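Enquirer: Residue numbers (the working numbering): 1 to 451.
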Amino acid sequence: MQNKYQNTNVKELLQKAPIDININIKGWVRTKRSSKGGFSFIELNDGSNINNIQIIADKKLDNYQDEIEHLRAGCCISVQGLSVKSQGKNQNIEIHAHKIQILGTVQDDYPISKGRISLETLRTMPHLRPRTNTIGAVMRLRSHLSHAIHNFFNQRDFCYLNTPIITASDCEGAGEMFGVTTNDKNDFFKQPAQLTVSGQLEAEAFALSLGKVYTFGPTFRAENSHTSRHLSEFWMVEPEVAFNNIDDNMQLAEDFLKSIIKSALTHCQDDMNFFDMRIEKGIINKLENICQSDFIRLSYTDAIDILTKSNKKFEYPLNWGCDLKSEHERYLCEEYFNAPVILTNYPATIKPFYMYCNDDGKTVRGMDVLVPGIGEIIGGSERETRVDIITKRMEQSGIDLHAYQWYLDLRRHGSATHAGFGLGFERLVQFVSGMSNIRDVIPYPRTPGHL
Ligand code: 4AD
Ligand code: MG
């Protein structure tokens, strides 16, 4: 037998199941029960995956009476022991402890115990909730999706671009921005500054020089929305591509979504099985189907047609020109098509100034990707390149042209067709995990009235 104890983690142990090896493992106790035979069984989790490793502690261990007997959920321990083939049917490997060192005990008011705690209650303790199976699984999925997104673009020669967080431009033109200033309000930047709502405008400049770029960063919206789909601080992924038109843009969005969902299904199997069992029954099957079928492509006008002809009673009435509400979007992708839908050619009046105006003079080449259970997950467009038309659109939106000369310059010097979109990263995590509230898929949610 070797003397040295090999450091490892639960994920590696369960995957490789090395037998007869001296290992050292550290983690948090999930449960502990004592048997009449003079043993304790400890379920240990270290966050490396959703499953636990079983530790068997013999009564003969030095600190059995004083310490091990008192272990309970949440305690942090370090275990040195031998890996053995398990007799139990729930695991293939377990650890017979030679030594258990207590790293951190828990106080009586430790809130995460065996009984189920609601996600709502867990939100009041964002520093402890990652100790639960659900939030742990969500955060591992979130991390994997980030890597999958970077991989997708990296494989396609996109340049990863970091656009500013403090900015002077309001990309969406909706005025929903947080101001940035110093405590003594001495106007640090000598002009008003805000937190960005989108990196798109800055990304356009780099697309028109580097070709294919994408951003992946935090964005901020001071809109007073209290829904399960809105955060005040969220992360957005924004590809922007020179020479792409609206059709290329739709294809990129569809390929992109399918590719990262497939990656999660392949690489996050344990966590996905957990979501399928505990969060949304059948979600794996639903996601597999989505990866295999074509997204529906539909114009706004046809969507209005379908919605007005449906016998469904909507809370908000519809007519051509009105903005679609979540209930309409969800009817289309959940009930009518039961598939992701890409809506295009929206009325110019309900979309931002930067979208390309169609020849009909009424609609623009914007696109929203709607998915079942969420509604809008992606918003994007082909960009307006004609300097006279975009100037007029900006004036109509009440934008101070003076501050956007650089943006107009992009249309004056070496301009070209280009297009891009923004994916709401938390909505993606929601979609793939089946979590119903967006506040449960970001480590520290920020919403109106809640920091
Ligand atoms: O549709 P939006 O507002 O589009 C843009 O910001 C464009 N500038 C993107 C681009 O073309 N480069 O936002 C894009 C996506 C939405 O589809 C939604 O998924 C998400 O960002 N989103 C939010 N997610 C969480 N909380 C909020 N308050 C969100 N607002 C938008
Ligand atoms: Mg949108």
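Beta carbons: idealized from backbone N, C-alpha and C, even for Gly. Please read these numbers as outputs of a predicted model, since none were measured by experiment.
1. Please classify H226 as buried or exposed, where buried requires at least 16 other C-beta atoms within 10 Å of its C-beta.
2. Helix, strand or coil for S299, going by three-state DSSP, please let me know.
3. What are the uninterrupted segments assigned as beta strand (DSSP E) that are 3 or more residues long and contained completely in the region 207-286, given in chain order?
4. Would you check whether the ligand MG has a heavy atom nearer than 7 Å to the C-beta of D323?
5. Between the alpha carbons of T196 and I149, how many angstroms are there, rounded?
6. DSSP has K355 in a bridge; who is on the other side?
7. Within the region 372-425, note down every full alpha helix (DSSP H) run reaching 4 residues or more, in order along the chain.
8. Among the residues of its own chain, which have a CB less than 6 Å from the CB of Y316, if the five just before and after it don't count?
9. May I ask which residues mark the beginning and end of the beta strand (DSSP E) holding N24?
10. Taking 7 Å as the cut-off, is the C-beta of H450 nearer than that to any heavy atom in the ligand 4AD?
11. Can you look up T363 in the DSSP assignment and give me helix, strand or coil?
12. Going along the chain, which residues of its own chain have a beta-carbon closer than 6 Å to the beta-carbon of N24, five neighbours each way excluded?
13. Can you tell me the Cα-Cα spacing of R480 and M177, whole angstroms?
14. Can you list, in chain order, the stretches of the alpha helix (DSSP H) that have 4 or more residues and sit fully within the region 133-165?
15. Could you please give the first and the last residue of the uninterrupted beta strand (DSSP E) stretch that includes T344?
16. Just the C-alpha distance for H418 and V387, rounded to the nearest angstrom, thanks.
17. Who are the near neighbours of A137 in its chain, counting only those whose CB is closer than 7 Å to its CB and skipping five residues on each side?
18. Give me the DSSP bridge partner(s) of S83.
19. Where do the N-terminal and C-terminal ends of the alpha helix (DSSP H) with L13 fall, by residue?
Expert: Considering the structure as presented:
1. By 1-based counting over the sequence shown, the position of residue 226 is 226. Around the Cβ of H226, a 10 Å sphere holds fewer than 16 other Cβ atoms; the residue is exposed.
2. Taking the sequence shown and counting its residues from 1, the one referred to as residue 299 is at position 299. Strand.
3. With a minimum length of 3 residues, the continuous beta strand (DSSP E) runs that stay inside the region 207-286 are 212-220 and 233-242.
4. Taking the sequence shown and counting its residues from 1, the one referred to as residue 323 is at position 323. Relative to the ligand MG, even the nearest heavy atom lies 7 Å or more away from the CB of D323.
5. Here residue 196 refers to the residue found at position 196 of the sequence shown. Here residue 149 refers to the residue found at position 149 of the sequence shown. Roughly 21 Å between the two C-alpha positions.
6. Residue mapping note: residue 355 aligns to position 355 of the sequence shown, counting from 1. The question names Lys, but residue 355 in the sequence shown is Met. Per DSSP, the beta bridge partners of M355 are R383.
7. DSSP assignment within the region 372-425 yields the following whole alpha helix (DSSP H) runs of 4 residues or more, N-terminal first: 387-396 and 405-412.
8. As a working mapping, residue 316 is identified with position 316 in the sequence shown. For Y316, where only same-chain residues beyond five positions count, the Cβ hits under 6 Å are K325.
9. Position 24 of the sequence shown, counting from 1, holds the residue named residue 24. Element bounds for N24: N22 to S34.
10. Locating residue 450 in the sequence shown gives position 450, counting from the first residue. Not so, every heavy atom of the ligand 4AD lies at least 7 Å from the Cβ.
11. The sequence position of residue 363 within the sequence shown is 363, counting from 1. T363: strand per DSSP, three-state reduction.
12. Counted from its first residue, the sequence shown places residue 24 at position 24. Result list for N24: Y5, N7 and Q80, in chain order.
13. Given that the chain is displayed from residue 1 to residue 451, the structure contains no residue 480 and the question cannot be resolved.
14. Listed in chain order, they are 133-155.
15. Along the sequence shown, one-based indexing puts residue 344 at 344. Residues V341 to P347.
16. As a position in the sequence shown, residue 418 is number 418, starting the count at 1. As a position in the sequence shown, residue 387 is number 387, starting the count at 1. Between H418 and V387, the C-alpha separation is close to 14 Å.
17. Position 137 of the sequence shown holds residue 137. So the qualifying residues of the chain are I50, D271, F274 and F275.
18. Walking along the sequence shown from the start, residue 83 turns up at place 83. S83 pairs with I95.
19. The residue you call residue 13 lines up with position 13 of the sequence shown. Taken as a continuous stretch (DSSP letters only), the alpha helix (DSSP H) holding L13 covers V10 to K16.
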